[in-house]
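A.B. asks: Input: one structure, supplied below.
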Amino acid sequence: MKKNKTGSNDFSEYIYQPQGKIPRPDEAVAGLPLKETQETEEDVVLNISLRPSKLTEFIGQKEMVTNLKVCLTAAKERKEPLEHILFSGPPGLGKTCLAHIIAHEMHSKITATSGPAIERAGDLIGILTNLEKGDILFIDEIHRMSKVVEEFLYPAMENFEIDFIIDKGPYAKTIKFHLKPFTLVGATTRTGLLSSPLRSRFGIFHHLDFYKIEELASVILRSAKILSVDIDKEASLGIAARARGTPRIANRLLRRVRDYAQVAKIKKIDLATAAKTLDEMGIDKAGLDELDRRVLRLVIDSFNGGPVGVESLAASMNEEVDTLIDTVEPYLLKAGYLKRTSRGRLVTKLTYEHFGMKYNKENQNELFEK
Ligand SMILES: Nc1ncnc2c1ncn2[C@@H]1O[C@H](COP(=O)(O)OP(=O)(O)OP(=O)(O)O)[C@@H](O)[C@H]1O
Ligand SMILES: [Mg+2]
Numbered sequence: 257m258k259k260n261k262t263g264s265n266d267f268s269e270y271i272y273q274p275q276g277k278i279p280r281p282d283e284a285v286a287g288l289p290l291k292e293t294q295e296t297e298e299d300v301v302l303n304i305s306l307r308p309s310k311l312t313e314f315i316g317q318k319e320m321v322t323n324l325k326v327c328l329t330a331a332k333e334r335k336e337p338l339e340h341i342l343f344s345g346p347p348g349l350g351k352t353c354l355a356h357i358i359a360h361e362m363h364s365k366i367t368a369t370s371g372p373a374i375e376r377a378g379d380l381i382g383i384l385t386n387l388e389k390g391d392i393l394f395i396d397e398i399h400r401m402s403k404v405v406e407e408f409l410y411p412a413m414e415n416f417e418i419d420f421i422i423d424k425g426p427y428a429k430t431i432k433f434h435l436k437p438f439t440l441v442g443a444t445t446r447t448g449l450l451s452s453p454l455r456s457r458f459g460i461f462h463h464l465d466f467y468k469i470e471e472l473a474s475v476i477l478r479s480a481k482i483l484s485v486d487i488d489k490e491a492s493l494g495i496a497a498r499a500r501g502t503p504r505i506a507n508r509l510l511r512r513v514r515d516y517a518q519v520a521k522i523k524k525i526d527l528a529t530a531a532k533t534l535d536e537m538g539i540d541k542a543g544l545d546e547l548d549r550r551v552l553r554l555v556i557d558s559f560n561g562g563p564v565g566v567e568s569l570a571a572s573m574n575e576e577v578d579t580l581i582d583t584v585e586p587y588l589l590k591a592g593y594l595k596r597t598s599r600g601r602l603v604t605k606l607t608y609e610h611f612g613m614k615y616n617k618e619n620q621n622e623l624f625e626k
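Taking our numbering, the leading residue of the sequence shown gets 257, the next gets one more, and so forth.
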């Protein structure tokens with residue numbers, strides 16, 4: 257077998273399908289949705305340095321951590337690779353983090369890519385055949401993988417083998433290729449979009465939920481220590497309360513408060529400093545930002561409180577439907593500012609109160625829902 261530049265097996269000449277290039281982990285980032293790329297380069301670098309690398313450093317999600325620990329220990333004792341794992345949940349709750357932690361705990365190598373970055377089944381052949389026993393293959397945004405790629409993955413996940421077609425027309429032949437047992441770690445913000453054959457091939461599922469304020473305060477205190485930022489407990493709780501239940505946002509707010517304190521020559525960050533920075537950033541007491549408020553106000557002002565379809569909302573705002581569904585809605589639903597019904601989205605009494613408006617039940621189309 258011919259070897260490619262990196263010394264691994266090169267199948268390119270056997271593959272009938274037009275061959276796409278194999279995405280490297282850093283290239284795969286280009287396939288990620290907007291929210292990832294919105295972060296500055298500094299944010300991305302700091303995010304990596306703030307990422308816990310061991311399960312014991314992972315804050316919150318207690319039940320999941322306990323279960324995961326059992327699975328990891330059992331697999332290690334049996335000297336077998338871990339079963340395929342699927343992590344789901346809103347952005348920024350630690351799915352990528354967990355994939356790296358698993359690799360670290362299992363002392364194995366991790367190859368990271370994302371659903372949209374794997375354009376053709378051919379892209380996967382190179383990745384899969386280069387995996388060693390026990391390696392972790394991390395596929396982010398796994399729900400955005402094409403159907404063809406997904407079907408190609410089924411035998412790889414199930415029996416650690418792939419079929420590929422060589423030659424064309426009447427000479428076409430299918431060749432089975434055996435892979436070394438690996439662990440696929442998939443991450444998705446939307447389990448609903450995952451096909452059931454794919455879902456059923458995962459042995460372990462974990463849904464990550466929003467974090468409690470005290471847990472986010474611990475994330476902030478941990479990050480502050482790594483970044484050598486002096487901050488008191490009250491301030492960490494103040495930032496946590498406005499972080500939309502999300503560690504990534506908690507870390508981002510901490511960095512902005514740090515900038516403010518540095519410029520204002522404040523040595524130790526207290527609650528007043530944190531609150532002032534967050535107010536100036538347009539993050540209100542409930543942790544809602546500009547975009548959250550725009551969505552809620554639109555439902556109130558233009559749709560009389562709802563129900564309104566998410567497509568109409570996105571079109572009125574000139575935003576992507578996916579951005580609304582993936583990044584804005586989950587927290588608004590969880591915190592009770594928005595309700596999802598079969599006829600669309602509705603705001604609640606809490607939303608009216610948040611804007612200091614009178615909640616007039618007569619005006620609420622909600623009445624007709626029941
Ligand atoms: N439990 C945790 N403890 C400490 N820090 C955490 C925890 N979870 C997440 N973080 C921090 O939040 C950041 C974002 O986490 P991560 O990138 O894993 O989110 P994600 O769920 O993969 O998001 P996305 O869906 O957008 O890819 C990490 O850099 C890490 O610093
Ligand atoms: Mg991620």
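The beta-carbon is built from N, C-alpha and C at its ideal position, and this holds for glycine as well.
(1) From which residue to which residue does the alpha helix (DSSP H) around G494 run?
(2) If you measure from the CB of D535, is any heavy atom of ligand 2 nearer than 7 angstroms?
(3) Looking at the strands, I want to know which residues DSSP matches up with R596.
(4) To the nearest angstrom, report how far apart A528 and R455 are at their CA atoms.
(5) With hydrogens ignored, establish whether the beta-carbon of R400 is closer than 7 angstroms to any heavy atom of ligand 1.
(6) Evaluate G612 with the Cβ neighbour count: other Cβ atoms within 10 Å of its Cβ, from every protein chain shown; 16 or more gives buried, anything less gives exposed.
(7) Would you mind listing the alpha helix (DSSP H) stretches within the region 396-468 that are 4+ residues and don't spill past its ends, in chain order?
(8) Exposed or buried, R511, counting other C-beta atoms within 10 Å across all chains shown (16 or more means buried)?
(9) Output needed for I482: all residues of its chain with C-beta closer than 8 angstroms, excluding positions within five of it in sequence on either side, in chain order.
(10) Would you check whether ligand 1 has a heavy atom nearer than 7 angstroms to the C-beta of N323?
(11) Could you give the uninterrupted runs of the beta strand (DSSP E) lying entirely in the region 317-356, keeping only those of 3 residues or more?
(12) Does T296 come out as helix, strand or coil in the three-state DSSP assignment?
(13) Cutting at 7 angstroms between CB atoms, please list the residues of its own chain near A499, excluding the five before and the five after it.
(14) Keeping to the same chain, check which residues put their C-beta closer than 7 angstroms to that of T533; ignore five residues upstream and five downstream.
(15) Quick one: does the C-beta of P586 sit closer than 7 angstroms to a heavy atom of ligand 1?
(16) Could you give the DSSP three-state label for I315: helix, strand or coil?
(17) By DSSP's criteria, A368 is part of a beta bridge. Which residues make up the other side?
(18) At a cut of 8 angstroms, does the region 431-451 reach the region 385-396 through at least three beta carbon pairs?
(19) Please classify D379: is it buried, with 16 or more other beta-carbons within 10 angstroms of its beta-carbon, or exposed?
(20) In the DSSP assignment, the alpha helix (DSSP H) including M573 goes from what residue to what residue?
(21) At a cut-off of 7 angstroms, is T444 close to ligand 2 when judged by its beta-carbon and the heavy atoms of the ligand?
(22) Do the region 487-495 and the region 370-384 touch if we need at least three Cβ pairs shorter than 8 angstroms?
(23) Cβ-heavy atom distance between P224 and ligand 1 below 7 angstroms?
(24) Please determine, among I487, H363, R601, G561, the residue with the shortest C-alpha to C-alpha distance to I522.
(25) Hey, out of L464, T430, D465, whose CA is closest to I422's CA?
(26) Say whether the region 362-377 touches the region 451-467, bearing in mind that this needs 3 or more beta-carbon pairs closer than 8 angstroms, one atom from each stretch.
(27) Taking the C-alpha atoms as reference points, what is the distance between R334 and Y608?
(28) By how many angstroms is the C-alpha of L547 removed from the C-alpha of P586?
(29) Compare the C-alpha of N560 against each of L580, N415, L589, K605 and name the closest.
(30) Mind checking which residues open and close the alpha helix (DSSP H) that includes T583?
(31) Just the Cα atoms here: how many angstroms apart are D419 and F458?
(32) If V551 and L580 are in contact, beta carbons under 8 angstroms, what's the gap, nearest whole angstrom?
(33) By Cβ distance, which residues of its chain are closer than 8 angstroms to L589, with the 5 residues on each side in sequence left out?
(34) Have a look at K403, H434, V405, Y427 and flag the residue whose alpha-carbon is nearest the alpha-carbon of N415.
(35) Measuring only from the beta carbon, is I469 closer than 7 angstroms to any heavy atom that is part of ligand 1?
C.D. replies: The short version:
(1) The sequence position of residue 494 within the sequence shown is 238, counting from 1. 489-497 is the span of the alpha helix (DSSP H), which, as asked, contains G494.
(2) Here residue 535 is taken as the residue at index 279 of the sequence shown, counted from 1. Result no, Cβ not under 7 angstroms from ligand 2.
(3) Locating residue 596 in the sequence shown gives position 340, counting from the first residue. Partner(s): R601.
(4) To locate residue 528, count along the sequence shown from 1; it is residue 272. To locate residue 455, count along the sequence shown from 1; it is residue 199. Approximately 47 angstroms, taken between the alpha carbons.
(5) In the sequence shown, the residue the question calls residue 400 occupies position 144. The answer is no for R400.
(6) Here residue 612 refers to the residue found at position 356 of the sequence shown. Exposed, by the Cβ-count rule.
(7) 403-415, 452-456
(8) Taking the sequence shown and counting its residues from 1, the one referred to as residue 511 is at position 255. Result: buried.
(9) Along the sequence shown, read from residue 1 onward, the residue named residue 482 stands at position 226. Cβ neighbours of I482 beyond the five flanking positions: S305, L306.
(10) Taking the first residue of the sequence shown as 1, we reach residue 323 at position 67. Checking the Cβ of N323 against ligand 1 gives no.
(11) 341-344
(12) Residue 296 sits at position 40 when you count from the first residue of the sequence shown. Residue state, collapsed to three classes: coil.
(13) Translated into the one-based positions of the sequence shown, residue 499 becomes position 243. Hits under 7 angstroms: L472, I505, A506, L509, G543.
(14) Here residue 533 refers to the residue found at position 277 of the sequence shown. Closer than 7 angstroms at Cβ, skipping near neighbours: R512, V513, Y516.
(15) Working through the sequence shown from its first residue, we reach residue 586 at position 330. No - ligand 1 has no heavy atom lying nearer than 7 angstroms to the Cβ of P586.
(16) As a position in the sequence shown, residue 315 is number 59, starting the count at 1. I315 falls in the coil class under three-state DSSP.
(17) By one-based count along the sequence shown, residue 368 stands at place 112. Beta-bridge partners of A368 (DSSP): F394.
(18) The region 431-451 is in contact with the region 385-396.
(19) Reading the sequence shown from its first residue, position 123 is the one you call residue 379. Buried, by the Cβ-count rule.
(20) In the sequence shown, the residue the question calls residue 573 occupies position 317. Per DSSP, M573 belongs to the alpha helix (DSSP H) from 566-573.
(21) Taking the sequence shown and counting its residues from 1, one reaches residue 444 at position 188. For ligand 2, not one heavy atom lies less than 7 angstroms from the Cβ of T444.
(22) no
(23) An answer regarding residue 224 cannot be provided, because it is not within the stretch 257 to 626 covered by the chain.
(24) Position 266 of the sequence shown, counting from 1, holds the residue named residue 522. Comparing Cα positions, the closest option is I487.
(25) As a position in the sequence shown, residue 422 is number 166, starting the count at 1. Comparing Cα-Cα distances from I422 to each of L464, T430, D465, the minimum goes to T430.
(26) no
(27) Locating residue 334 in the sequence shown gives position 78, counting from the first residue. Locating residue 608 in the sequence shown gives position 352, counting from the first residue. Distance between the alpha carbons of R334 and Y608 is about 56 angstroms.
(28) The residue you call residue 586 lines up with position 330 of the sequence shown. The residue you call residue 547 lines up with position 291 of the sequence shown. Each residue's alpha carbon lies about 13 angstroms from the other.
(29) The count along the sequence shown starts at 1 and reaches residue 560 at position 304. For the residues L580, N415, L589, K605, the minimum Cα distance to N560 belongs to K605.
(30) The sequence position of residue 583 within the sequence shown is 327, counting from 1. Neither: T583 is in no alpha helix (DSSP H) and is coded neither H nor E.
(31) Position 163 of the sequence shown holds residue 419. Position 202 of the sequence shown holds residue 458. Whole-angstrom Cα-Cα distance: 20 angstroms.
(32) To locate residue 551, count along the sequence shown from 1; it is residue 295. To locate residue 580, count along the sequence shown from 1; it is residue 324. Rounded, the Cβ-Cβ distance is 7 angstroms, consistent with contact.
(33) For the purposes of this step, residue 589 is identified with residue 333 of the sequence shown, where counting begins at 1. Here the set comprises K595, R596.
(34) Looking up residue 415 in the sequence shown gives position 159. Considering only alpha carbons, the answer is H434.
(35) On the sequence shown, residue 469 is found 213 positions in, with the first residue counted as 1. No, the beta carbon of I469 sits no closer than 7 angstroms to any heavy atom of ligand 1.
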